[in-house]
Amino acid sequence: MADSPTPDLHRNRFPNLFEVLSRKTVAPLDLFSFYIFMRDQQRSVDYLDFWLDVSQHLQLCRLYVRRLHRSVIEDTPDAEKTSKRSSYILDNAGEGPSGEKGNVSDQRLSAFLRSDHGSRQHSPQNSQSSNRSGERPPRPSFMTLDTNSPNDSSSPAQNSSGDNSQPRREDLRASAEKILYTYLLPGSEREIIIPQSILADVQEAIEGPDQRSDPELFDAAKDYVFQAMERDAFPGFLQSKGLGNLVPQSMMIRLIIGLISFFGAVWTSFILIFLDKSRATRAWIILPFTVAIYLIFTHQYMLDPILALIGYSEYTLMDFNRIRELFVKKTLNARSLTLLGMFFVVDAAVCCLFIFVPGKRL
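Position in the sequence shown (from 1) plus 1 gives the number in our numbering.
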């Protein structure tokens, strides 16, 4: 089994999109945060779901080939010498764009699945089908299957009683068809926009004579979606979570409360001035002006400096989580100190203007 990706907590830069999708980052630039951003702000979560489902399809193919490989090893003990290298290839099949490292292993996996299309005498499901008279076990969901999880029902550490959950060749085809019918075909439930040439190639590969289900058939669509997210969504995600710690709903609430407080403070200040109240009385306007200017500043810079300095970022409205990405924490701390300095200067200037201006009773 492949080890779970280990986040790099000591990088001295913002992560790239591939690192986020590979789960090599932590809050607030983790995959969960990116998913919420794509859903709530970018309004294009279907593109991310397509990417994740294709990656899950790769995991399903990898698990199927691993089971097939194990059955061959059991039938031919002399082949055990080559099993380590084959297992390494399966565990490190590429999950990223076609230009990423590991794509050669991905191509080998796809080539094996294509060559296995017509000959599956060693397939794990054949031993089951002979005793079941055509009965088919429930298909594991490729949306939730995680081959890296120690608790996965398909784990090789389990005994033979878990064989019903092992992926079959039909499951690979069903998984590929579900991706095609859910995301790619015109009028589908969660249609994403990709070039017609890419759609035609994928549809022909799945529905044509070859009836392919290997992960390589989605490479062109996956690369296109990756580039679209990298170009259109990821810069906004970095600006929102890497340079700020507030969500748009919270920013809007802060702006509304801040403007109301500011106009209330100005109105009160003019009343106290034209009633010729003492400066000690007028000093009470410091409170509404401070609240108003602070909230307006946090809206303008998408950053609450107090929350950032104590190490928290907002996932959704009023849902705060600790910042674990060290570079983001350093960046937000620096911006917070600068923002607080600007806030104190502006707040002091406005308060002094309305407190020390001479009063005149009308």
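Note that CB positions come from ideal geometry on N, CA and C, so glycine has one too.
Practice prompt. Assign residue 237 to buried or exposed, taking buried as 16 or more other Cβ atoms, counted over all protein chains shown, within 10 Å of its Cβ.
Written response: It counts as exposed.
Worksheet item: Relative to the alpha-carbon of residue 273, which residue among 187, 59, 14, 354 has its alpha-carbon at the smallest distance?
Response: 354
Worksheet item: Got a sec, what are the start and stop residues for the alpha helix (DSSP H) residue 170 sits in?
Response: Element bounds for residue 170: 170–180.
Worksheet item: Taking just the CA atoms, how far does residue 228 sit from residue 90?
Response: A caution first: residue 90 carries a pLDDT of 48, below 50, which makes its placement in the model unreliable, though a value can still be read off. Taking the straight line joining both Cα atoms gives about 26 Å.
Discussion item. Could you compute how far the alpha carbon of residue 316 sits from the alpha carbon of residue 281?
Written reply: 42 Å
Item to complete: Answer yes if the region 172–179 comes into contact with the region 56–72, meaning at least three C-beta pairs across the two stretches below 8 Å, and no otherwise.
Response: yes
Worksheet item: Hey, is the region 281–298 in contact with the region 316–332, meaning 3+ C-beta pairs nearer than 8 Å?
Response: no
Practice prompt. Answer with buried or exposed for residue 168, where buried requires no fewer than 16 other C-beta atoms within 10 angstroms of its C-beta.
Written response: Classification for residue 168: buried.
Fill in: Selection from 19, 44, 43, 42 that minimises the alpha carbon distance to residue 32
19
Discussion item. Residues in the same chain with beta-carbon distance under 6 Å from residue 325, minus the five sequence neighbours each way, listed in chain order, please.
Written reply: Cβ-Cβ distances below 6 Å link residue 325 to 27, 28 in the same chain, with the five nearest sequence neighbours on each side left out; the list follows chain order.
Discussion item. Between 41, 310, 349, which has its C-alpha nearest residue 330's C-alpha?
Written reply: 310
Worksheet item: Taking the alpha carbon of residue 221 as the point to measure from, which residue in 68, 185, 210, 265 has its own alpha carbon closest?
Response: Nearest option by C-alpha distance: 185.
Worksheet item: Are three or more beta carbon pairs between the region 251–258 and the region 293–301 nearer than 8 Å?
Response: yes
Worksheet entry | Bounding residues of the beta strand (DSSP E) (the contiguous stretch that carries residue 315) | 313–317
Worksheet item: If we ignore side chains and look at the alpha-carbon of each, how far apart do residue 359 and residue 350 end up?
Response: 16 Å
Worksheet item: To which residues does DSSP link residue 321 through a beta bridge?
Response: Partner(s): 315.
Worksheet item: Where does residue 278 sit, in a helix, a strand or coil, going by DSSP?
Response: coil
Worksheet item: Does the beta-carbon distance from residue 242 to residue 45 come in below 7 Å?
Response: In this structure, residue 242 keeps its C-beta atom at 7 Å or more from the C-beta atom of residue 45.
Item to complete: Measure from the alpha carbon of residue 251 to the alpha carbon of each residue in 321, 47, 207, then state which is nearest.
Response: 321
Worksheet item: Does DSSP classify residue 230 as helix, strand or coil?
Response: In the structure shown, residue 230 falls within a helical segment according to DSSP collapsed to helix, strand and coil.
Discussion item. Using only CA atoms, which one of 327, 334, 67 lies nearest to residue 442?
Written reply: Absent from the structure is residue 442, since the part of the chain shown begins at 2 and ends at 363.
Item to complete: With residue 289 as the anchor, note down where its alpha helix (DSSP H) starts and where it stops.
Response: 287–302
Worksheet item: Looking at the structure shown, is residue 283 part of a helix, part of a strand, or coil, going by DSSP?
Response: helix
Worksheet item: Would residue 247 pass as a contact of residue 305 if the rule is Cβ separation under 7 Å?
Response: yes
Worksheet entry | residue 65 beta carbon less than 7 Å from that of residue 173 | yes
Worksheet item: For residue 348, which option in 261, 290, 276, 270 has the closest C-alpha, if you only look at C-alpha atoms?
Response: The shortest CA-to-CA distance from residue 348 to any of 261, 290, 276, 270 is the one to 290.
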